Amino acid sequence: MHSRMLAGRTALVTGSTSGIGLGIARALAAAGANIAINGFGDRVEIDALGVELSRNYDVSVQYVGADMSQPDAIALMMRELTATLGPVDILVNNAGIQHVAPIETFPRSRWDTILAINLSAAFHTTQAVFADMKARRWGRIINIASAHGLVASPFKSAYVAAKHGLIGLTKVAALEGAEAGITANAVCPGYVWTPLVEKQIPGQARSHNMTEAEVIRNVLLVNQPTKRFATVEEVGALVTFLCSDQAQSITGAALPVDGGWTAH
Ligand code: NAD
Numbered sequence: 107m108h109s110r111m112l113a114g115r116t117a118l119v120t121g122s123t124s125g126i127g128l129g130i131a132r133a134l135a136a137a138g139a140n141i142a143i144n145g146f147g148d149r150v151e152i153d154a155l156g157v158e159l160s161r162n163y164d165v166s167v168q169y170v171g172a173d174m175s176q177p178d179a180i181a182l183m184m185r186e187l188t189a190t191l192g193p194v195d196i197l198v199n200n201a202g203i204q205h206v207a208p209i210e211t212f213p214r215s216r217w218d219t220i221l222a223i224n225l226s227a228a229f230h231t232t233q234a235v236f237a238d239m240k241a242r243r244w245g246r247i248i249n250i251a252s253a254h255g256l257v258a259s260p261f262k263s264a265y266v267a268a269k270h271g272l273i274g275l276t277k278v279a280a281l282e283g284a285e286a287g288i289t290a291n292a293v294c295p296g297y298v299w300t301p302l303v304e305k306q307i308p309g310q311a312r313s314h315n316m317t318e319a320e321v322i323r324n325v326l327l328v329n330q331p332t333k334r335f336a337t338v339e340e341v342g343a344l345v346t347f348l349c350s351d352q353a354q355s356i357t358g359a360a361l362p363v364d365g366g367w368t369a370h
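Following the numbering used here, the numbering of the sequence shown begins with 107 at its first residue and continues without gaps.
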C-alpha cells in the first residue's frame with residue numbers, strides 16, 4: 107500500500123467529530139482521501155478540525171451536519187455532498203449511540219432512536235451511494251458494528267439488535283455489489299479507548315467502590331482477554347486497509363477488533 111493510495115477518493119465518515127469516527131477520518135485523510143465530516147459538536151472546534159485535516163494531509167474537507175436519525179436530513183446531506191466534494195467512493199457508517207436498561211423498562215423512544223441511528227441510517231446512506239458506486243465500478247462500504255453485532259450482553263437490547271442488523275445489511279450490500287467492484291464489510295470493535303469510555307471511569311469507580319485501574323480491568327475489560335482497549339488508530343488502520351486494492355476480495359465479512367472477546 108502506498109502512502110497516498112486514496113488520493114482523489116471521497117470518503118464520508120458519519121459520526122466523525124469524536125472517537126472512532128474521528129480516528130477513521132484521520133487515517134483516511136492520511137491516505138489522501140477527501141473527507142466529509144459528520145456528527146454533533148461545537149462548530150468552532152469542528153471547523154478547526156477540518157482546517158487541521160486539510161492542512162496536515164493536503165485533502166479537501168467538508169462538514170455535513172445531518173442528524174443521522176432523520177432520513178430526510180440524510181437525503182439532503184447526500185445530495186449536497188455529491189454536489190460539492192463529488193460522489194462518495196468510501197462510505198463509513200460509524201455514527202452510533204447506546205442506552206443501557208432492562209427490556210421491561212427500556213424506553214420505546216430510545217429503541218426507535220438507536221435503531222434509526224445505528225441501523226437505518228446505514229441503509230439510507232448506502233441506498234444514496236449504491237447506484238453511483240456501481241456505475242463507477244468501485245466502492246467501499248464499511249459499517250462500524252461492534253462485538254455486540256456478534257454476541258449479546260444484557261440490558262443492551264436496542265444496541266445489540268441494531269448491530270446484529272447492521273452486519274446483516276453489510277452482507278446483503280456485499281452480495282449486491284460484488285460484481286460491480288464494491289466491497290462491504292463490518293468492523294466489530296470491542297472496547298475502544300474513546301472520550302465516551304474515558305468519561306465513564308470515575309463514575310464507575312465510585313459506584314463499584316473500586317480504583318480506576320480496577321474498573322478498567324474488572325468491569326470494562328472483563329470480557330476482553332487482552333485486558334487492553336483497542337485504539338481508534340487500530341480501527342482506522344483496518345478501515346484504510348479495507349479501502350485498498352489488496353482488500354478487494356474481503357467482502358461480506360464481520361471483522362472483530364476486540365482483543366479476543368468474541369473468541370470466548
Ligand atoms: P462517540 O460518542 O465518541 O462518537 C459518536 C459520534 O457519533 C460522534 O461524532 C457523535 O456526534 C455522532 N453522533 C451521535 N448521534 C448522531 C446523530 N444522530 N447524527 C449524527 N451524528 C451522531 O462514540 P465512539 O465510541 O467513537 O463510537 C463510534 C461507533 O463505534 C458507534 O457506532 C459505536 O457503537 C461503535 N463502537 C464503539 C465502541 C467503543 O468501545 N467505543 C465499541 C464498539 C463499537
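By construction, the Cβ of each residue, glycine as well, lies at the ideal position given by its N, Cα and C atoms.
In this text the structure is predicted, and so the values were computed from the model without any measurement.
C-beta atoms of residue i and residue j nearer than 8 Å
i, j, result
"residue 224", "residue 126", "no"
"residue 286", "residue 239", "yes"
"residue 296", "residue 363", "yes"
"residue 235", "residue 194", "yes"
"residue 251", "residue 269", "yes"
"residue 182", "residue 172", "yes"
"residue 180", "residue 227", "yes"
"residue 298", "residue 130", "no"
"residue 294", "residue 361", "yes"
"residue 208", "residue 146", "no"
"residue 272", "residue 255", "yes"
"residue 369", "residue 291", "no"
"residue 318", "residue 311", "yes"
Residue range of the alpha helix (DSSP H) that includes residue i
i, result
"residue 297", "It is not in any alpha helix (DSSP H) - residue 297 carries neither H nor E in the DSSP assignment."
"residue 309", "306-314"
"residue 177", "177-190"
"residue 162", "149-163"
"residue 214", "214-221"
"residue 203", "Segment: none, residue 203 is in no alpha helix (DSSP H) and carries neither H nor E."
"residue 281", "263-283"
"residue 133", "125-136"
"residue 242", "227-242"
"residue 320", "318-321"
"residue 400", "Given that the chain is displayed from residue 107 to residue 370, the structure contains no residue 400 and the question cannot be resolved."
Environment of residue i [buried if 16+ CB atoms lie within 10 Å]
i, result
"residue 139", "buried"
"residue 246", "buried"
"residue 266", "buried"
"residue 342", "buried"
"residue 335", "buried"
"residue 332", "exposed"
"residue 220", "buried"
"residue 237", "exposed"
"residue 114", "exposed"
"residue 135", "buried"
"residue 243", "exposed"
"residue 185", "exposed"
"residue 231", "buried"
"residue 214", "exposed"
Opening and closing residue of the beta strand (DSSP E) in which residue i lies
i, result
"residue 116", "116-119"
"residue 142", "140-143"
"residue 246", "245-250"
"residue 361", "360-363"
Beta-carbon proximity list for residue i, same chain, < 6 Å, skipping 5 on both sides
i, result
"residue 367", "253, 296, 329 and 330"
"residue 187", "142 and 170"
"residue 222", "175"
"residue 152", "123 and 169"
"residue 137", "111, 112 and 346"
"residue 128", "122"
"residue 277", "358"
"residue 118", "142, 194 and 197"
"residue 120", "144, 174, 199, 200 and 201"
"residue 249", "199, 228, 272, 276 and 292"
"residue 163", "135 and 136"
Residues that DSSP places opposite residue i in a beta bridge
i, result
"residue 169", "143"
"residue 288", "245"
"residue 356", "According to DSSP, which records beta bridges pairwise, residue 356 is partnered with nothing at all."
Own chain, CB closer than 8 Å to residue i, minus 5 neighbours either side, in chain order
i, result
"residue 191", "116, 140, 142, 166 and 168"
"residue 323", "333"
"residue 308", "318"
Cβ-based neighbour list, residue i, same chain, cut-off 7 Å, excluding 5 preceding and 5 following
i, result
"residue 340", "363"
"residue 217", "264"
"residue 258", "266"
"residue 206", "261 and 262"
"residue 302", "125"
"residue 241", "none"
"residue 365", "296, 330, 331, 332, 334 and 336"
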